[in-house]
Each structure stands twice: as C-alpha cells, then as structure tokens.
Amino acid sequence: MSRLLRAGAIMAAGTMVSRVTGFLRTAVLAAAIGTAALGDAYNVAYTIPLILFELLIGGVLSSVIVPMVVRARRNDPDGGTAYEQRLMTFAILLLGVAAVVSVLLAPLIVDLYTDDWTGAKREAAITLARFILPQIAFFGIGALAGAILNARDRFAAPMWAPVLNNLVMIVVGLLYLVVSGAGSSVEAATASDLALLGIGTTAGIVVQCLALVISLHRAGFRFRPRFGVRGVGLGEMGRTAAWTFAYVGIMQFGFWVTTKLATGAGDRVPGAGNSAYAYAYQLFQLPYGVIAVSVITAMLPRMSRSVADGQLGQVREEFASGVRLVCSVIIPAGLLLMVLGPAVAVVIFGHGNMTISNAIYIGNVLQIFGLALVPFSIFQLLLRVFYSFGDTRTPAFLAAGNVAVNALLSLVSYVVLPDRYIVMGLACSYTVSYMTGAGFAWVRASRKVGGLDGRRVAGALTRMYLVALPTAGLALAVLWGGERWAGLTTVSSLVILAAGGGLGMLLYFVVAHRARIPEVGSLVGLVAGRVGR
C-alpha cells in the first residue's frame, strides 16, 4: 500500500496539474468556438486522431508493450536496449505512414463519424482534420516513450508532459478569441481561423512529444534506428495484441455509435449534441484521471512482475489495495459530480460564445456520468489484472458485452427520448454498461487469480459510501440555497463549488479519517507529511 501510495502520489500531482490546465484549455476553447456547429466540427476533428492512435498502438501500450518491455529488461543480456530501439523504430515508421494516409482520407473519415453533414460544417471539419491528423505520429511516439518510462518505474514525466500541450492550446484559444471575428459561427470562420485552431492543436502534441522524448533520453534511453523486425517479438506481440486490437476495435465501434447519435442530436437541438457529450465526458474523467490512472500505471508493472514470479497472492493484494485506494477518493467525487454538475459546468463553460443554458445542459449530462465513475474505475482496474497475465482475450469479450449493452440502450434513447434529452440518455447508457461490465469482469478476474478479496473490498466500499453521504447532503443543501439565492451564474456557481465541493470533501476526509478508513488515513498522513516538510 505504501509503495503504491507513493508512486500514485507522484503521478497524481502531475495528473492534477494536467487535468486542471486541461479544463482551462477546454473552457477557453468552448468560450471561443461554442458547442454548436463550429464546436461540433472541431470536436469531431480533434477526436479522430485519438481514435486512430488507439486502433494502431494505444490499445496495446498498457496491455502488451509494458509487460513485454519489463520482461525484456529483466531477461535480455543488454537489459532490453535493443528491444526498445527496435520497438521505437517500428512505431515511428508505422505511425508516420498512418498520419500521411489519414490526412489523404480525411473527408471519408469525417463522413464516417458524422450524421450527413453538408456545407460549411462538413468543410470546416475536414479542414480541421487535415491540420490535426498529423499529430497521430507525435502522439504515438510520445505515448511509446511514456510506456518505456513506466516500464523503468519513471512515472512523473508522462503525467506532467500533457501540461505543456494544454498551455499551448490555452494560448491558441485566447489568440482565436482576439484575432477571429467569426466567434462560434462555422459559416464565418475563415481559412486562417481554421488553420489557427488546427495547427495550434497539433503544435501542442508536438511539444508534449518532445518533452517525453527528452525525459526518456535523460532516463538513459539512446535511440538508434534498428529496422530489423527480428527481436521485436512481433510473433508474440501479434498473438497477444490480436485480442487487444479486437478490444480497441470493439470499443471504438461503440464510440462511433455514440458519436453518430450525438452529432445527430446536435443537428436537431444546437448545443445539445456531440460537443456537450464530449465536454461532460472530459469533466467526468477528471477524478478518474487524477487518482485511478495514477494507481493503474503504478500497479501494472508490479503485477506483471508478480505474475512472472508466480506470486498470485501479491497480485491479489496489489489489486485489492488499488481498488480501495482509488475508491476512497472516487466515491465522494462521484457523488459530488451527481449533485454539483451544473455548477461545475457553469464555472468552466459559461463564458464567451457559450450561454449559461448550454453550460447547464453540459452539467446535467455530467450528473449522469457521475453515477458511472466508480464502476468505470473498477472496470479499468480489473482489466489490468488480465493484462498482467498477458491475457488480452478476456478483455475483448468483456468489451463486446459492454458495447452491446451501451449501443442497444443508446439506440433506444435516440428513438424514444425527446431530442433535448438524447445526449443525457447516451450518458445513462454508458453508465449502465459499465455497471454490468464491472460485475462480469470481477467474476472472471476472481477466477483467474483465485479470489480478489471481494468481501473485504465490498465492506470497505460500503463504509466509504456511508461516510460520503453527509458530503453529498451538504453539497445538495448548498446547491439548493445558491439557486434560491441567485440562480446559477458564474459567481454563484463558484460560491457553490467552494462551499459544497470544497467543504464537502474536507468533511468527507475528516469523517473518514475518524472512522478509521485506512486508505483515507494514509492519504491524510501523506499530505500532512508533505505540508510538515
């Protein structure tokens, strides 16, 4: 627990700064381009390279590459140096070709992810995609550098590098607000406006990639092109990664369904479409990204080593500790999102070319996502149990079940719900799919490891929920009072967040510490020690 906590704390600090600056970036961009046609066009173009990256290499980084690099560093006579060099060379070639091809196919890719867009909206999305798609290569190289750093137990740089990307994008958004007269109008956006947004977005990823490559160099890695694929382990990687590619493909199919439905909803009700869903999803990811990702990143290399040494008891202990540590913060955070979602969205998005009503709508979607925070985090932790064994087949089947539930419920929402509530229905479908998926994943992982200490984990989570109820009650009372007093404005929402969110979390940590929840006690002790020094 202490080792996991220390490693997680280092990454959580970087991730916290990264996420905070990320939301500043999102707020600036939303203020600049809004959530109507231009906002939807940008968000589709921005998302496409992330999807292609996941399909090409992102999905295999944590599930395949990190465990294989760990084994190479342990078993190879040169400590895995040649293996890492061949891997990096192969990735540069693959991702470079993918970036060029995707730029050429930008119109077809945009049409695939949108719902019969025409005119200025479609042309803007295609132009932005052509500027943004080259970042596939830089995103992938940086991510591989981060994976090699993680395999060396160097966790800080991958968590801090995105801050540079966010700072670049904040500058780009502010420049757009100053120099562009188009605002959120896609028809008025000029070629220069789109170039500023597109090239600026790619420039942020380039800076992030360079920071990771420099950190990898400082960690002792020396890149030497090795073009021979022999020694990369493509055979083993292919056998292992085949199911990972299936997993990623299945998940991206689910994302494609959601994007198509959300863009269709946005055509019917401007401001209640894909941008609203994307922004709410980014806010929902904040607690998960700060806490769960940090713990997951620290867990996987250690669990992989324990599996290699045949120490299944250590795997069980590592997983159970990780779940309890993550949920000690995720549980109150999820409850606060469910209560304070509109106030959070108004503070972040209620500026510039965004209206308060559109910001409140994003907050309503966020409230639904708050329900998904705990099951989603547990599901991601469970996947790392399978990956530590080199098992990528089971996650693919779990993903298929998740996507089937999500897609079916999303289609029902699109057909049955009023237009303005479709995106809320999509968020609800996502929540239900991870609730069911986490249950099935737990059963399968428990069988694989010989038990996951389920009774102890369930007892700990139940205590955390009970301790978090006063926090949710305080936040609800503050929200109700704030709305009665002044409505939801930027100022009143700031007060609500400070009183309901800030004091609510403080109340949770005090009560949990006194209730002797050990994970919270460890966090409080860590913070107190840092402050004391």
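Last residue of the sequence shown: number 519 in our numbering, and the count goes up by one each step with no gaps. For each residue, glycine too, the CB sits at the ideal point set by N, CA and C. This structure is a prediction, so every number in the text was calculated from the model and none was measured.
1) For my contact list, residue 344 and residue 17 are in at a C-beta cut-off of 8 Å; report their separation, rounded to the angstrom.
2) Tell me which same chain residues have a C-beta within less than 6 Å of the C-beta of residue 336, skipping the five on either side of it?
3) Quick one: complete beta strand (DSSP E) runs, 3+ long, within the region 285 to 370?
4) Nearest to residue 149 by CA position, among 3, 400, 370 and 376, is which residue?
5) Can you tell me whether residue 173 is buried or exposed, with buried defined as 16 or more other CB within 10 angstroms of its CB?
6) Quick one: using the 10 Å Cβ neighbour count with 16 as the cut-off for buried, is residue 424 buried or exposed?
7) Compute the distance between the beta-carbons of residue 12 and residue 271, then report whether it is under 7 Å.
8) So the alpha helix (DSSP H) residue 394 belongs to, where does it begin and stop?
9) Under the three-state reduction of DSSP, which class applies to residue 501: helix, strand or coil?
10) Quick one: is residue 281 buried, meaning 16 or more other Cβ sit within 10 Å of its Cβ, or exposed?
11) Report the option in 132, 19 and 334 whose CA atom is closest to the CA atom of residue 6.
12) Which residue spans inside the region 43 to 116 form an unbroken alpha helix (DSSP H) run of at least 4?
13) Check whether the region 380 to 394 touches the region 347 to 362, counting contact only when three or more Cβ pairs, one atom from each stretch, lie closer than 8 Å.
14) Beta-carbon within less than 6 Å of residue 526's beta-carbon, same chain only, minus the 5 sequence neighbours each way: which residues are those?
15) Whole angstroms is fine: what's the gap from residue 167's alpha carbon to residue 176's?
16) Start and end of the alpha helix (DSSP H) containing residue 176?
17) Reducing DSSP to helix, strand and coil, say where residue 207 ends up.
18) Per DSSP, what kind of secondary structure is residue 144 in: helix, strand or coil?
19) How close, in whole Å, do the beta carbons of residue 111 and residue 100 come, if the pair is a contact with beta carbons under 8 Å?
20) Tell me, to the nearest whole angstrom, how far the beta carbon of residue 266 is from that of residue 355; I am working on the premise that it is less than 8 Å.
21) How far does the alpha helix (DSSP H) with residue 273 in it extend, from its first residue to its last?
22) Could you tell me the distance, in whole angstroms, from the CA atom of residue 468 to the CA atom of residue 305?
23) If contact is defined by three or more beta carbon pairs under 8 Å, each pair taking one atom from either stretch, is the region 109 to 127 in contact with the region 143 to 163?
24) Would you check if the distance between the CB atom of residue 416 and the CB atom of residue 408 is smaller than 7 Å?
25) Whole angstroms is fine: what's the gap from residue 192's alpha carbon to residue 130's?
26) State the Cα-Cα distance for the pair residue 330 and residue 411, rounded to the nearest angstrom.
27) Tell me the rounded alpha-carbon separation between residue 448 and residue 473.
28) Here's the rule: buried if 16 or more other CB atoms are within 10 angstroms of the residue's CB, otherwise exposed. What is residue 29?
29) Going by Cα to Cα distance, which pick from 190, 71 and 257 is closest to residue 203?
30) Secondary structure at residue 531, three-state DSSP: helix, strand or coil?
31) Where do the ends of the alpha helix (DSSP H) carrying residue 417 lie?
32) Do residue 232 and residue 123 have their C-beta atoms closer together than 7 Å?
In short, the structure shows the following:
1) By one-based count along the sequence shown, residue 344 stands at place 358. By one-based count along the sequence shown, residue 17 stands at place 31. That belief does not hold up - the Cβ atoms of residue 344 and residue 17 are roughly 11 Å apart, past 8 Å.
2) Numbered from its first residue, the sequence shown carries residue 336 at position 350. Only residues of its own chain outside the window of five on either side were considered, and among them 342, 345 and 476 have a CB closer than 6 Å to the CB of residue 336, listed in chain order.
3) Uninterrupted beta strand (DSSP E) stretches at least 3 residues long and entirely within the region 285 to 370 do not occur.
4) Position 163 of the sequence shown holds residue 149. Selected option, being the one with the closest Cα: 3.
5) Sequence index remark: in the sequence shown, residue 173 carries index 187 (1-based). Residue 173 comes out exposed.
6) In the sequence shown, the residue the question calls residue 424 occupies position 438. Residue 424 comes out buried.
7) As a first step, residue 12 is located in the sequence shown; it is residue number 26 there, counting from the start. As a first step, residue 271 is located in the sequence shown; it is residue number 285 there, counting from the start. Result no, Cβ atoms of residue 12 and residue 271 do not sit closer than 7 Å.
8) Along the sequence shown, read from residue 1 onward, the residue named residue 394 stands at position 408. Run containing residue 394: 379 to 402, per the alpha helix (DSSP H) assignment.
9) For this step, residue 501 is matched to residue 515 along the sequence shown. If DSSP states are grouped into helix, strand and coil, residue 501 belongs with coil.
10) Translated into positions along the sequence shown, residue 281 becomes position 295. By the 16-neighbour rule on beta-carbons within 10 angstroms, residue 281 is buried.
11) Looking up residue 6 in the sequence shown gives position 20. Cα-wise, what sits closest to residue 6 is 334.
12) Whole alpha helix (DSSP H) segments, 4+ residues: 52 to 61, 67 to 90 and 92 to 99.
13) By the Cβ criterion, the region 380 to 394 is not in contact with the region 347 to 362, since fewer than three pairs of Cβ atoms, one from each stretch, lie closer than 8 Å.
14) Nothing about residue 526 can be read from this structure; the chain reaches only from -13 to 519.
15) By one-based count along the sequence shown, residue 167 stands at place 181. By one-based count along the sequence shown, residue 176 stands at place 190. Computed Cα separation, rounded: 9 Å.
16) Along the sequence shown, one-based indexing puts residue 176 at 190. Unbroken run through residue 176: none, as it is neither H nor E.
17) Working through the sequence shown from its first residue, we reach residue 207 at position 221. It is coil, neither helix nor strand.
18) For the purposes of this step, residue 144 is taken as residue 158 along the sequence shown, with counting starting at 1. In this structure, residue 144 counts as helix in the three-state DSSP scheme.
19) Residue numbering aside, residue 111 sits at position 125 when the sequence shown is read from its first letter. Residue numbering aside, residue 100 sits at position 114 when the sequence shown is read from its first letter. Between residue 111 and residue 100, the beta carbon gap of about 7 Å places them in contact (Cβ cut-off 8 Å).
20) In the sequence shown, residue 266 corresponds to position 280, counting from 1. In the sequence shown, residue 355 corresponds to position 369, counting from 1. With 8 Å as the limit, residue 266 and residue 355 qualify as a contact, their Cβ atoms being about 6 Å apart.
21) Stepping through the sequence shown from its first residue, residue 273 is reached at position 287. Counted as a single uninterrupted DSSP element, the alpha helix (DSSP H) harbouring residue 273 occupies residues 260 to 273.
22) By one-based count along the sequence shown, residue 468 stands at place 482. By one-based count along the sequence shown, residue 305 stands at place 319. Each residue's Cα considered, the two are about 41 Å apart.
23) By the Cβ test, the region 143 to 163 is not in contact with the region 109 to 127, since fewer than three Cβ pairs between them sit closer than 8 Å.
24) What you label residue 416 is simply residue 430 of the sequence shown in a count that begins at 1. What you label residue 408 is simply residue 422 of the sequence shown in a count that begins at 1. The Cβ atoms of residue 416 and residue 408 do not sit closer than 7 Å to each other.
25) Start at 1 with the first residue of the sequence shown, and residue 192 comes out as number 206. Start at 1 with the first residue of the sequence shown, and residue 130 comes out as number 144. Cα-Cα distance, rounded: 14 Å.
26) In the sequence shown, residue 330 corresponds to position 344, counting from 1. In the sequence shown, residue 411 corresponds to position 425, counting from 1. Taking the straight line from one Cα to the other gives about 20 Å.
27) Against the sequence shown, residue 448 aligns to sequence position 462. Against the sequence shown, residue 473 aligns to sequence position 487. Between the alpha carbons of residue 448 and residue 473 lies a gap of roughly 34 Å.
28) Residue 29 sits at position 43 when you count from the first residue of the sequence shown. Here residue 29 is buried, its C-beta having at least 16 other C-beta atoms within 10 Å.
29) Within the sequence shown, residue 203 is the residue found at index 217, counting from 1. Residue 71 is the option with its Cα nearest to residue 203.
30) Any answer about residue 531 is impossible in this case: the structure gives the chain only from -13 up to 519.
31) Sequence index remark: in the sequence shown, residue 417 carries index 431 (1-based). It spans 408 to 435 - the alpha helix (DSSP H) in which residue 417 sits, taken as one unbroken run.
32) As a first step, residue 232 is located in the sequence shown; it is residue number 246 there, counting from the start. As a first step, residue 123 is located in the sequence shown; it is residue number 137 there, counting from the start. Result no, Cβ atoms of residue 232 and residue 123 do not sit closer than 7 Å.
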